[in-house]
Structures are given as C-alpha cells and as structure tokens.
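**Student:** Below you'll find the structure I mean.
Protein chains: 2
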Amino acid sequence: MSEAAIDAAPERKRGSGVKMVYDLLRDDILDLALLPGSPIDEVQLAERFGMSRTPIREALVRLASEGLVETLPNRSTMVSNIDFLNLHHFFDAITLMYRVTTRLAARARRPEDLQIIRAHQAQFAAAVAAQDALAMISTNREFHAAIAEAARNPYFLNISLRILDDGRRLLRLYYQSFEDRLPQEYVEEHEAIIAAIEARDVELCDRLARAHADQIVRQIQQLFARDHRQDLAL
Amino acid sequence: MSEAAIDAAPERKRGSGVKMVYDLLRDDILDLALLPGSPIDEVQLAERFGMSRTPIREALVRLASEGLVETLPNRSTMVSNIDFLNLHHFFDAITLMYRVTTRLAARARRPEDLQIIRAHQAQFAAAVAAQDALAMISTNREFHAAIAEAARNPYFLNISLRILDDGRRLLRLYYQSFEDRLPQEYVEEHEAIIAAIEARDVELCDRLARAHADQIVRQIQQLFARDHRQDLAL
DNA sequence: TGAATTTTATTTGTCGACAAAAAATAGACA
DNA sequence: TGTCTATTTTTTGTCGACAAATAAAATTCA
C-alpha cells in the first residue's frame, strides 16, 4: 500500500527476496493481518517490494504447499480459510502432539534444549505479566515449538509446527478475551512441564501435556460458544 | 535422456506442465529411479519436457517443501538423502500414525471408505500372490493411506502420507528381500484391521495397528542388519 | 611439481514481455 | 428491462534473456 517501499533501497542480495516475501506474508496470514479468504495480488506485491513477479510466485507456491494459501488454476490465490466446522480435528491433533513431543522431549532433551525452552517460557511469562495477548499467543507457540524441537523427531516436529500455526491463527481471532485468569494457569502448567522434562519423567510429561491441551481446548470451545451466542443475539 | 520427448506433441494445456513434472519427479524419487543425493538439472529437464525452466522450478519448489529434494542457494538442487542413522524416528512415527489413523478410522469411517480400503487390500493381496515386490510396496502404501483418509483428520493425514512415502523409499531399497513368508502375514493382518474398522472396535484397531507396525519395523531392522553384514564382508 | 590466483564456463535467480484464460464490460436483441 | 452474446480488460502461466554466483579450468609463481 505505502509507496515508500518502492523507492526504498533496491539493493537486495540475490535469493533473499523470496524469503522476505514468504516470511512477511506468512506472518501477516498467521496474525490475521491478511484475513482468510482475502485475495493476494501478485502484481501489487511485486510493486510493493520492487521486484518482479517471479520471486513473489515462488513464495506463494511455498505458502500453498504449507496450506496457508490456496491457488485456483488460472485464478487468483487467496488466504486459506479456517475450518471452524471441524475444530475437533485440530483438538485431537494438538492434544496428541503435545503429549508425544513432551514425552519424547523428556527422553531426548539436552541441556541446551532446556535453556531454549526456559527462555521462551520467560518471554511467555513476561507477556502474561504485561497482559499483552498477541505476545502471549506467539510466545506460547514458541514454547511448544521448542519442546517439539527437543523431541528431535522430524515428522512430529513438522506436524507440530503446522498445528501450532493454525492455533496461533485461531487464538488470534479472540485475543481480546485473554484478560481473565487463565494465562496465569498456563504459566504454572508450563513450569510443571519444564520440570518434568528436566526430570525425564515421561509419564508425568504425558499427564501434564494432556491436561494442558485439555485446558486450551476448553478455552477455545468457550470462546467459540460465546461467539455463537453473540451471533444469535444479533 | 530420450530425445523422443523433445519432438513429441508440444501441445499442452496451460498449467498442466508443473503437475506433470512434479508427479514424474516425485514418482522417480520415491521409486529410487532418482537416487538420493543425485543432482537435478533444471535445464536438462526443461529440454526433456520441451518447456522453459519456470514450470520446472515451480515443481522443484513444491518438492522441496515436501522434503523430497534439497535446494542449496545458488547451487544445484538434489534428491534428499534417507537418514539411515535416525531410523528410530521413522519407526516411532509410523507406529503412532498407524495406531492413530486406524483408531480414528474405526470411529469416522463411512461405507464408501471401507470399499476403497478393501479395493487397495485386494490389489495388495494380488501383488503378494504375484510375488511382485514393487507392487506390494506401492499398494501397501495405498492401503494405509486409505485408512488415513477414512480417519478424516487432515493433520494426521498429512503426516501419514509423508511417513508412508518415506517408507516406500526405504522398502524400495530392499525390494529383493520380499520373497519370504512375511507378505502373507501382512495380508492377514490387513484383513483383521479392516474387520476391526468395520466393527468400530477402537481398542482392537489400536492393538492390531501396533502389532502391524511392530512387524514392519522388525522387518526393516532385519533388512538393515543383513545389509550391514554384507558391507562388512566386502 | 604443487599451491595460489586469474580466467573461463556453467548454473542459478530475476526480469520484462507475451499469450492463454477468466472476469468485467458493452452491445444486441427480444 | 432482462438475457444472451461479443468485446474489452485484467490476471495468470510461460517464455527467452541476462546478470550474479559458483564451479571448473587455465595460468602464474614458488
């Protein structure tokens, strides 16, 4: 939209353009700055970044194979919709992946993994203290992503990141509602999970991860229930 | 390689080229017609299919985001390697996904799902009867993919397909060794799984899927053990 | 001979242009 | 006026070309 980007430094390193566009579009989609269903104009993006359509297209192809955008043949590509009708699939998947990655992290963790996990947890706690809902959402994602990394299984890591991204989009819809007592409970549950991973207590990790997933599932369900009542009131 | 393709009909539908190249490369990679580590030449492919590099590149980007090829910046893209050192990650993942998808299929299955699953099982049984190892590998993949489809969870489906593809590549390495008694056991286990899904017996599905996964894990481990002995003998 | 440096050749990433396909608009006809 | 058809406009998919980056070859120098 802003013309500034056009005049700005056209000096870019060869190959960096795709990543730049990819990262920015991805963030915008996950933050709902680009709403589900909204079309993406290749030419407009090309002008905005001062590059040709080729790298833009490559970024879109990558986003498409991650399911973040959908491309109809010979027609415009648009931001993927959130499937509100089948949230139980998301709930099933996040519950299982929380459990599996936390269990595996308890087995495979190394000292540096715990450091990284603790760093993200500190940022999450800070976001909760600051009542910064957007920061809560993203740091919470990073916390669980770090656990999935520590689990070291590339298959589970891949699906976990995908689920966490969908969750980020989902929670972003309701970021206003995060000013109740729940976030503090999340902080404490995270601490318990870290301790269990450090103690290599696989069974405890399983129980804690399951309870943690149940917690977030219940919260999302409440948010949606509330939302539906509002819809009916109109 | 063959010059015939160059002269062949240059009449293609707009947009079909990418899919054609993608499908062919994908099959070649999964069948090990393209060996892990071998480089992929864009120009050569472009000439072979009589198209420019643009659609070739798009196909390669798609394959890269599925992890089937790896692209180093400013350097050639090559077929991804199989990580033999960390096969336990594969074993963990396939065991869990067999269990989860079979369980969910028992709950979510519809009549048409069973038809599809049975069709693939029939093809698998035929491949076993014909002692056609390559057909066994691909039809076995389709059988489990059909179960994952019937489970109807897009997250689990996605990771299952990825795991099954890796398994196809892994088994393809040892397709010579399939002339022992194991395939017949697989046929019977598949039948038992189908019956359990039809009966909606979730717990039985879990046990059968786990046993089935254990079976294939054991077989792959044996194949690799045998292979290592051969290496040492040289 | 062998290591370091320059030159050449190959390959990739990006660009601008063009044609096919679809959408939007205008026109014809009842 | 409303519906169907023809025309224009917009947007996508593909192409050939070029320059940056890398690899390979040739040359220099110890």
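Residue numbers (the numbering used here), protein chains in the order written: chain R, 717 to 950; chain Z, 717 to 950.
The beta-carbon is built from N, C-alpha and C at its ideal position, and this holds for glycine as well.
Note that this is a predicted model, so its numbers are computed, not measured.
Give a yes or no on whether 8 Å exceeds the smallest Cβ distance from Z:Ala861 to chain R.
**Tutor:** no
**Student:** Thinking just about the alpha-carbon of each residue, which of R:Met767, R:Gln837, R:Gln831, R:Asp930 is nearest to the one in R:Glu858?
**Tutor:** R:Gln837
**Student:** Going by other Cβ atoms of all chains shown within 10 Å of its Cβ, with 16 needed for buried, is R:Pro789 buried or exposed?
**Tutor:** exposed
**Student:** Would the stretch 762-776 of chain R and the stretch 911-923 of chain R be scored as touching if the rule is three or more Cβ pairs under 8 Å?
**Tutor:** Contact between the stretch 762-776 of chain R and the stretch 911-923 of chain R is absent, because fewer than three Cβ pairs lie under 8 Å.
**Student:** Have a look at Z:Arg868, Z:Tyr890, Z:His805, Z:Glu905 and flag the residue whose alpha-carbon is nearest the alpha-carbon of Z:Arg938.
**Tutor:** The question names Arg, but residue 938 of chain Z is Gln in the sequence shown. Looking at the Cα atoms, Z:Tyr890 is the closest of the given residues.
**Student:** What residues are listed by DSSP as bridge partners for Z:Pro771?
**Tutor:** Paired residue(s): none; Z:Pro771 is not in a bridge.
**Student:** Less than 8 Å between the C-beta atoms of R:Ala822 and R:Ala912, yes or no?
**Tutor:** yes
**Student:** Tell me the residue span of the beta strand (DSSP E) that contains Z:Glu758.
**Tutor:** Premise fails: Z:Glu758 lies in the alpha helix (DSSP H), 758-765, not in any beta strand (DSSP E).
**Student:** Starting from the beta carbon of Z:Glu774, find every residue of chain R whose beta carbon is closer than 7 Å, and list them in chain order.
**Tutor:** Val777
**Student:** Within 8 Å of any Cβ in chain Z, is that where the Cβ of R:Tyr871 sits?
**Tutor:** yes
**Student:** State buried or exposed for R:Gly733, treating a residue as buried only when at least 16 other CB atoms are found within 10 Å of its CB.
**Tutor:** buried
**Student:** Could you list the residues in the stretch 812-828 of chain Z with a C-beta less than 7 Å from some C-beta on chain R, going in chain order?
**Tutor:** From the stretch 812-828 of chain Z, only Leu812, Val816 have a Cβ closer than 7 Å to chain R.
**Student:** Thinking R:Arg825 and R:Asp922 are a contact (beta carbons under 8 Å), I'd like their distance in whole angstroms, please.
**Tutor:** About 15 Å separates the two Cβ atoms, so there is no contact after all.
**Student:** What do you get for Z:Asp739, buried or exposed, if any count of 16 or more other CB atoms within 10 angstroms of its CB means buried?
**Tutor:** exposed
**Student:** Using Cβ-Cβ distances below 7 Å, what residues of the stretch 912-940 of chain R are close to chain Z?
**Tutor:** none
**Student:** Hey, Z:Phe840 and Z:Val785: beta-carbon distance below 8 Å or not?
**Tutor:** For Z:Phe840 and Z:Val785, no; Cβs fall outside 8 Å.
**Student:** To the nearest angstrom, report how far apart Z:Ala845 and Z:His906 are at their CA atoms.
**Tutor:** Taking the straight line joining both Cα atoms gives about 15 Å.
**Student:** Where does R:Glu782 fall in DSSP's three states?
**Tutor:** coil
**Student:** Who are the Cβ neighbours of Z:Leu850 in its own chain at under 7 Å, not counting the five residues just before and after it?
**Tutor:** Tyr891
**Student:** When you measure from the CB of R:Leu801 to every non-hydrogen atom of the ligand PLP, does any distance come out below 7 Å?
**Tutor:** Within the structure as shown, the ligand PLP is missing, as the structure has no ligands at all.
**Student:** With a Cβ-Cβ cutoff of 8 Å, do Z:Leu750 and Z:Val795 count as a contact?
**Tutor:** yes
**Student:** Does R:Glu904 come within less than 8 Å of chain Z when only Cβ atoms are used?
**Tutor:** At least 8 Å separates the CB of R:Glu904 from every CB of chain Z.
**Student:** Take the Cβ of Z:Gln831 as the centre, count every other Cβ of all protein chains shown within 10 Å, and call the residue buried at 16 or more, exposed below.
**Tutor:** exposed
**Student:** So, for R:Arg888: in the same chain, excluding its five sequence neighbours on each side, which residues have a beta-carbon less than 8 Å away from its beta-carbon?
**Tutor:** Leu746, Asp747, Leu748, Leu850, Ile853
**Student:** Mind checking Z:Leu801: buried by the 16 CB within 10 Å criterion, or exposed?
**Tutor:** exposed
**Student:** Look at the Cβ atom of Z:Ile879, then the Cβ atom of Z:Ile810, and state whether they are nearer than 8 Å.
**Tutor:** yes
**Student:** Go ahead and label R:Asp799 buried or exposed: buried means 16 or more other beta carbons lie within 10 angstroms of its beta carbon, across all protein chains shown.
**Tutor:** Looking at its Cβ environment, which holds fewer than 16 other Cβ atoms inside 10 Å, R:Asp799 is exposed.
**Student:** Does the beta carbon of Z:Gly974 come closer than 8 Å to any beta carbon on chain R?
**Tutor:** Because chain Z is modelled from 717 through 950, residue 974 of chain Z falls outside the range shown and cannot be assessed.
**Student:** Use the C-beta contact count for R:Ala925: other C-beta atoms within 10 angstroms, 16 or more gives buried, fewer gives exposed.
**Tutor:** With 16 or more Cβ atoms within 10 Å of its Cβ, R:Ala925 is classed as buried.
**Student:** How many Å lie between Z:Glu758 and R:Arg815 at the Cα?
**Tutor:** Cα to Cα, Z:Glu758 sits roughly 43 Å from R:Arg815.
**Student:** Go ahead and pull the three-state DSSP assignment for Z:Pro752.
**Tutor:** coil
**Student:** Closest to R:Gly883 by CA distance: which of R:Ile936, R:Ala866, R:Leu873 is it?
**Tutor:** R:Ile936
**Student:** Counting only beta-carbon atoms, is Z:Pro899 nearer than 8 Å to chain R?
**Tutor:** For Z:Pro899, the answer is no, since every Cβ of chain R falls outside 8 Å of its Cβ.
**Student:** Between Z:Pro827 and R:Met767, what straight-line distance do the alpha-carbon atoms span, to the nearest angstrom?
**Tutor:** 52 Å
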